[in-house]
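Position in the sequence shown (first residue = 1) + 4 = the working numbering.
Even glycine gets a Cβ: it sits at the ideal position worked out from N, Cα and C.
Bear in mind that the values here come from a model prediction, so they are computed numbers and not experimental data.
This report concerns only the one structure given below.
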Amino acid sequence: MADSDGKARDEALRRFLAVRDVPCPGCDYNLRGLEDDRCPECGFGLRLPLEVPDPGVGWYVATIVPAAGLAGFMLVVIAVSMLRYSRDGVVEFVLAVALSSAVVVMSVSVAWRLCRRSGRVWFQGNSVETRIGLACLSWFLAVLSLVLFALIAY
Numbered sequence: 005m006a007d008s009d010g011k012a013r014d015e016a017l018r019r020f021l022a023v024r025d026v027p028c029p030g031c032d033y034n035l036r037g038l039e040d041d042r043c044p045e046c047g048f049g050l051r052l053p054l055e056v057p058d059p060g061v062g063w064y065v066a067t068i069v070p071a072a073g074l075a076g077f078m079l080v081v082i083a084v085s086m087l088r089y090s091r092d093g094v095v096e097f098v099l100a101v102a103l104s105s106a107v108v109v110m111s112v113s114v115a116w117r118l119c120r121r122s123g124r125v126w127f128q129g130n131s132v133e134t135r136i137g138l139a140c141l142s143w144f145l146a147v148l149s150l151v152l153f154a155l156i157a158y
């Protein structure tokens with residue numbers, strides 16, 4: 005019974021896509037004339053209404069939040085460094101601002117890359133274990149930068 009329902013859904017999907025220009029919800033690939041229930045470009049399984057069955061949004065957000073938050077925090081670090089080290093010495097000031105700026109650029113680029121459609125498709129195409137690992141790595145790097153800042157600041 006379940007197998008016949010799956011075949012009926014697959015056939016309905018093929019009939020729907022046979023005469024329509026419809027973009028894949030994962031990568032915007034044109035699915036017109038598709039003979040399979042998977043996008044040939046990104047590999048996501050499709051069903052009617054066209055949607056990605058398992059977006060994995062929770063781990064996606066858990067990965068982006070620390071990267072974006074770290075970028076904001078490091079902007080504050082740059083401001084504090086400018087106030088503290090500009091009077092004390094040029095070397096410390098330049099070092100603090102350069103390192104903080106590098107972390108900001110890396111954090112913003114990671115968050116920006118993941119927020120783009122291709123980044124979401126890549127992230128969601130990974131296994132759950134990989135998504136959890138990426139989220140943990142993102143949080144670890146954010147906490148590590150906070151600890152390093154505390155050690156340097158005091």
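Less than 9 Å between the beta carbons of residue i and residue j, yes or no?
{"i": "Ala75", "j": "Ser131", "result": "no"}
{"i": "Tyr64", "j": "Phe127", "result": "yes"}
{"i": "Val108", "j": "Met78", "result": "yes"}
{"i": "Ala72", "j": "Ala139", "result": "no"}
Can you list, in chain order, the residues of its chain whose CB lies under 6 Å from that of residue i, leaving out five sequence neighbours each side?
{"i": "Pro70", "result": "Ser142, Trp143 and Ala146"}
{"i": "Cys31", "result": "Glu45, Cys46 and Val125"}
{"i": "Arg117", "result": "Gly123"}
Who are the Cβ neighbours of residue i in its own chain at under 8 Å, not counting the five residues just before and after it?
{"i": "Ala6", "result": "Confidence at Ala6 is low in this model, with a pLDDT of 49, below 50, so the placement of that residue is unreliable and no value is reported for it."}
{"i": "Ser149", "result": "Leu74, Phe77, Met78 and Val107"}
DSSP has residue i in a bridge; who is on the other side?
{"i": "Arg42", "result": "Gly49"}
{"i": "Pro27", "result": "Asn34"}
Under 7 Å Cβ to Cβ from residue i, same chain only, skipping five residues before and after it: list those, please.
{"i": "Cys171", "result": "Residue 171 is absent from the structure shown; the chain starts at 5 and stops at 158."}
{"i": "Ala22", "result": "Gly37"}
{"i": "Arg24", "result": "Arg36"}
Could you check if residue i belongs to the surroundings of the ligand SAM, using beta carbon to heavy atom distance under 8 Å?
{"i": "Thr67", "result": "Questions concerning the ligand SAM fall outside what the structure shown contains, since it holds no ligand whatsoever."}
4 or more residues per run - each alpha helix (DSSP H) lying fully within the segment 67-147: Within the segment 67-147, the complete alpha helix (DSSP H) runs of at least 4 residues are 94-119 and 121-128.
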